[in-house]
Ligand code: HEC
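Residue numbers (the working numbering): 952 to 1096.
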């Protein structure tokens, strides 16, 4: 077989794998977050404030302090650290965000925080991520930024 044919085939194969992994990731999050998610803290405002602090120590080193501009570390990863203000991320439900933070994303740099953080802290983080919607919903951003 000619070499370029092989290269094209390999590239197509990798592309297909990327699509399948991406798609199964979404399905995995959808399904797994249906059950076994503990109740969220009742005081949303306090939860967001706690989440803000937790975000600064746990997440900003990859996702950037605004969640929108990944740091160099996050940018060099493949796949790169997501823009947390983007529509794709904000489309997740609160429970799905909780699940992602707790379990991480397989085959990527996104760590699973379930081993190091309590469920309550993970809820705080999910609630805080919810407030990072500046660029996805500029009109409803309120006083954010
Ligand atoms: C070591 C770097 C790193 C840290 C720390 C990190 N992330 Fe991530 N995160 C990533 C990468 C890389 C991705 C992209 C994964 C992908 O696209 O498959 C990601 C993706 C995400 C996503 C979106 C998942 C999706 O489907 O697009 C959310 C939400 C998220 N991170 C939240 C957080 C929160 C909250 C924290 C802190 C508790 C955090 N991340 C800490 C690297 C990191």
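A virtual CB, placed ideally from N, CA and C, is assigned to each residue, including glycine.
Answer yes if the region 1050-1060 comes into contact with the region 994-1006, meaning at least three C-beta pairs across the two stretches below 8 Å, and no otherwise.
no
Please confirm whether any heavy atom of the ligand HEC lies closer than 8 Å to the CB of residue 1039.
The residue you call residue 1039 lines up with position 88 of the chain shown. Residue 1039 Cβ: within cutoff of the ligand HEC.
message: Output needed for residue 932: all residues of its chain with C-beta closer than 6 Å, excluding positions within five of it in sequence on either side, in chain order.
response: Outside the modelled stretch of the chain, which goes from 952 to 1096, sits residue 932, for which no answer is possible.
| N- and C-terminal bounds of the alpha helix (DSSP H) containing residue 999 | By one-based count along the chain shown, residue 999 stands at place 48. First-last of the alpha helix (DSSP H) with residue 999: 995-1009.
#### Entry: Selected residue, minimal CA-CA separation from residue 992, among 956, 953, 1084 and 1045
The residue given as residue 992 occupies position 41 in the chain shown. Considering only alpha carbons, the answer is 1045.
Could you check the C-alpha separation between residue 1048 and residue 968 for me, to the nearest Å? The residue given as residue 1048 occupies position 97 in the chain shown. The residue given as residue 968 occupies position 17 in the chain shown. If you take the alpha carbons of residue 1048 and residue 968, they lie about 24 Å apart.
Closest by C-alpha distance to residue 984, when choosing among 1050, 990, 1028 and 1009:
Mapped onto the chain shown, residue 984 falls at position 33. Measuring from the Cα of residue 984, the nearest candidate turns out to be 1050.
message: When you measure from the CB of residue 1077 to every non-hydrogen atom of the ligand HEC, does any distance come out below 8 Å?
response: In the chain shown, the residue the question calls residue 1077 occupies position 126. Checking every heavy atom of the ligand HEC against the Cβ of residue 1077, one is found closer than 8 Å.
Practice task
Let me know the secondary structure DSSP gives residue 1084 once reduced to three states.
Solution key: For the purposes of this step, residue 1084 is taken as residue 133 along the chain shown, with counting starting at 1. Note: residue 1084 maps to coil in three-state DSSP.
- Message: As an exercise, report each continuous alpha helix (DSSP H) stretch of at least 4 residues that is fully enclosed by the region 1003-1057, in chain order.
- Response: 1011-1014, 1023-1027, 1038-1041 and 1045-1054
| task | May I have the straight-line CA-CA distance separating residue 1028 from residue 1060, to the nearest angstrom? | result | What you label residue 1028 is simply residue 77 of the chain shown in a count that begins at 1. What you label residue 1060 is simply residue 109 of the chain shown in a count that begins at 1. Distance between the alpha carbons of residue 1028 and residue 1060: 7 Å.
(message) Tell me the rounded alpha-carbon separation between residue 961 and residue 971.
(response) Looking up residue 961 in the chain shown gives position 10. Looking up residue 971 in the chain shown gives position 20. Distance between the alpha carbons of residue 961 and residue 971 is about 15 Å.
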